[in-house]
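Here the structure comes first, spelled out in structure tokens, and everything after it is commentary.
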Amino acid sequence: NRILTNMVRNALEATDEGGVVRIGVIDSIKNVRFEVQNNRVMKEEVKHQIFQRSFSTKGTGRGTGTYSIKLLTENYLNGIAGFVSTEDIGTMFFVEFLKG
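If you're matching positions, the sequence shown starts at 304 in our numbering and goes up one per residue.
What follows is the structure, given as structure tokens:
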């Protein structure tokens, strides 16, 4: 729950007023993948730091959201967390978990 909440909150905070945030689930035979996407594109220097603890583009006292997404997904739930940020799709964060 915390992982998905952080993904959605980050997408909403990074979206311009009137923008769109898309939330999706891909459920396949082997895994389930949750995706949250908006139309903004990250700067290159932000992409390289996005999962670092205490890194934030939103000011001091922030920066645990994406860090906890990666930490909880990969260290405690044996999943994969990542993102893509391109002109074609905007920014999409995802977490993926194997079934069984």
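Here a beta-carbon is modelled for each residue, glycine too, at the ideal position from N, C-alpha and C.
Original post:
In angstroms, rounded to a whole number, what distance separates the CA positions of S371 and I306?
Top reply: When the Cα atoms are used, S371 and I306 turn out to be separated by approximately 7 Å.
Subject >> Residue closest to L375, alpha-carbon to alpha-carbon, out of A314, D319 and F397 >> reply: Cα-wise, what sits closest to L375 is F397.
Original post:
Can you tell me where the beta strand (DSSP E) with T308 in it begins and where it stops?
Top reply: Careful: T308 lies outside any beta strand (DSSP E), inside the alpha helix (DSSP H) at R305 to A317.
Original post:
By how many angstroms is the C-alpha of V335 removed from the C-alpha of E347?
Top reply: For E347 and V335, the distance between alpha carbons rounds to 29 Å.
Original post:
What's the gap between the Cα of L287 and the Cα of S331?
Top reply: In this structure the chain extends from 304 to 403, so residue 287 is not present and cannot be described.
**OP:** Give the straight-line distance between the Cα atoms of T318 and E390, rounded to the nearest whole angstrom.
**Re:** Rounded to the nearest whole angstrom, the CA to CA distance from T318 to E390 is 15 Å.
Original post:
Using the C-alpha atoms, what's the distance from K333 back to E320?
Top reply: 37 Å
**OP:** Please name the residue in H351, G403 and T394 whose C-alpha comes closest to that of N313.
**Re:** T394
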